[in-house]
Amino acid sequence: MNIMKAGTKIKKLVFLWSAGMLLTASLMAQDPQFTQFFANKLYLAPSFAGATKQQRIVSMYRNQWAGIPGGFNTMSFSYEYFFPNFNSGLGVLVLRDMAGSGRLGMTNVGVLYSYDFQIFEEWHVRPGLHFLYSMYGIDFYRLRFYDQLVTGNGTTFEDPPAQENIGAFDASTSVLIYSKSVWAGAAVDHLFRPDQSFYANKAIIPMKFSFFGGFQIIRQGKLLKPIDETVSLAYLFRLQQNKKQLDIGLYWNKVPLVLGFWYRGIPPFNSERGDALAMLVGFKMKGFSIGYSYDFTISNLVSSTHGAHEISLSLDFQTNRKKKIHAIPCPEF
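In this text, residue positions in the sequence shown follow the numbering used here: the first is 240, and each later residue adds one.
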C-alpha cells in the first residue's frame, strides 16, 4: 500500500513538473494574449495610438490557467494622446508577464506613433510604428527539475544560466483602414527578432502576424443624437511560427451595457476541438469603461486550468471639443 501511495505521489509530482515546463515553453514560444484585445488596442497594433477623443489611459490584468501551478499573470498600462493639428497619435505601453514557479518574466516598455490619412470621404488609413525594449528574467533556484523529483534530495545537475536578466530592442508596425461602420488591419511584431535565451544557444523570437477587423451589423440611435445601440462582429487571426489562432465574436452595446461572446480556435486553424469560449460584461459611460471577461477552456486541459480571468479599465479625457474626431467603430473591449 505504501508503495502504491508513493507511486501515486511521484506521478502527481511528475505531472506538476511537466505542466510547469509546458507553461514555460509556451511562454517562450508565443506572446502574451488578451481576450479583450480591443480594450488593449496599443498592444494589438500601433495604428491605434491616439485613436481616441484626445487622451486615454488603459490598465489591464489577466490571470490565465490559475488551476495549474505556475500559471500566467499579465499586466499592461498604456497612455495615448491625439494631436488633431497633425493627424497624429502618440502612445506609451508597458507590459509585464510572469509565468512558472521560476518566475519567468518579461517586461516591455515602448513608444508608439500613428498617422491618419483620409483617402475617401468616409474612409481613413492609419499606419503605425512601435519601438520597444524587452527585458527577460528568471529565478533559476526556484525552478524544480525532473532529477530533483526523482532523487528527492533537492539538488539538480542542470547548470544555472550565466545571467538571469537579459534585454533586447524590438519593433512592430501595422496599418488600419476604417469607415463609420467597418474596420480592418494587419500588424507585424518582432521585426528585430530578438534573442531571449539565457544560455549560449539562440532562442530567437519569431515574427508574429496579426489580422483583425469587423463591422457593425446594427447601428441604432434617435434622430440628431449619438448612436446608443450597436451589434458588432469582430475577429483576430494570429500567426507566429507554426502557431495559429483565430478569435471571432459578437458584441452587443446598449449604453451603458456591453456584452460579448467569443469562440477561440476554429477549425481548420486548430486541429483539436477548440481552445476556449469567452464571455464579457462591461460598462461604458462618458469617459469611462470597465470590463470583465472569463475564458472557459474547452480543450483537453478543461479539467485542470480553471480558465482565465481578465479585467480592463479605460479613462478618456477631452479638453479640446472643437476639433472633429474620426472615430474608429471597433468595440471598447
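Beta carbons are placed, not taken as given, at the ideal position from N, Cα and C, and that holds for glycine.
Excluding the 5 residues flanking it on each side, Q480 has same chain C-beta neighbours closer than 6 Å at P445, in chain order. S411 and P285 do touch by the CB rule: their CB atoms are close to 6 Å apart, below 8 Å. Excluding residues up to 5 positions away in sequence, G344, E403 and N404 lie with their Cβ nearer than 7 Å to the Cβ of G376 in the same chain. F287 carries a helical assignment under DSSP once its states are collapsed to helix, strand and coil.
Taking each of V497, L371 and V348 in turn and checking the Cα distance to R432, the smallest one comes out for L371. G488 places its beta carbon 9 Å or farther from that of F476.
Between A305 and the set Q484, E361, G504 and E549, the nearest pair of CA atoms involves E549. With fewer than 16 other CB atoms across the displayed protein chains lying within 10 angstroms of its CB, K493 is exposed. Only residues of its own chain outside the window of five on either side were considered, and among them S315 and N347 have a CB closer than 6 Å to the CB of L334, listed in chain order.
Around the beta-carbon of Q459, fewer than 16 other beta-carbon atoms lie within 10 Å, marking it exposed. Between the alpha carbons of F287 and L415 lies a gap of roughly 8 Å.
Nearest to Y354 by alpha-carbon distance, out of G289, K525, F437 and S298, is G289.
No Cβ-Cβ contact shorter than 9 Å links T313 with L519. Listed as beta-bridge partners of A426 by DSSP are S413 and S449. Ranked by Cα distance from F408, the options I457, A423, V350 and F454 are led by V350. At a Cβ-Cβ threshold of 9 Å, I564 and T291 count as neighbours. In chain order, Y320 and F556 place their CB closer than 6 Å to the CB of Q294, counting only its own chain and leaving out the 5 sequence neighbours on each side. Each residue's CA atom was taken as its position, placing A426 and L478 some 11 Å apart.
Setting aside the 5 residues that flank it on each side, D428 is surrounded in the same chain by S411 and K447, each with a C-beta closer than 6 Å to its C-beta; the list follows chain order. The criterion of a C-beta distance shorter than 9 Å is satisfied by F277 and A473. DSSP places K441 outside both helix and strand once states are collapsed to three, so it counts as coil. Per the DSSP secondary-structure output, D555 pairs in a beta bridge with R295. Counting along the chain, the unbroken beta strand (DSSP E) around S471 starts and ends at E468 to Q479. Here the alpha carbons of L498 and F535 stand approximately 16 Å from one another.
The alpha-carbon separation between K419 and S538 amounts to approximately 37 Å.
Annotated three-state conformation of K419 is coil, per DSSP. Cβ neighbours of V421 within its own chain (closer than 6 Å, five residues either side excluded): F454. Take F451, set aside five residues on each side of it, and the residues of its chain with a beta-carbon closer than 6 Å to its own are G424 and L475, in chain order. The criterion of a C-beta distance shorter than 9 Å is not satisfied by S317 and H369. The alpha carbon of G367 has as its nearest neighbour, out of L329, M337, C569 and A515, the alpha carbon of L329.
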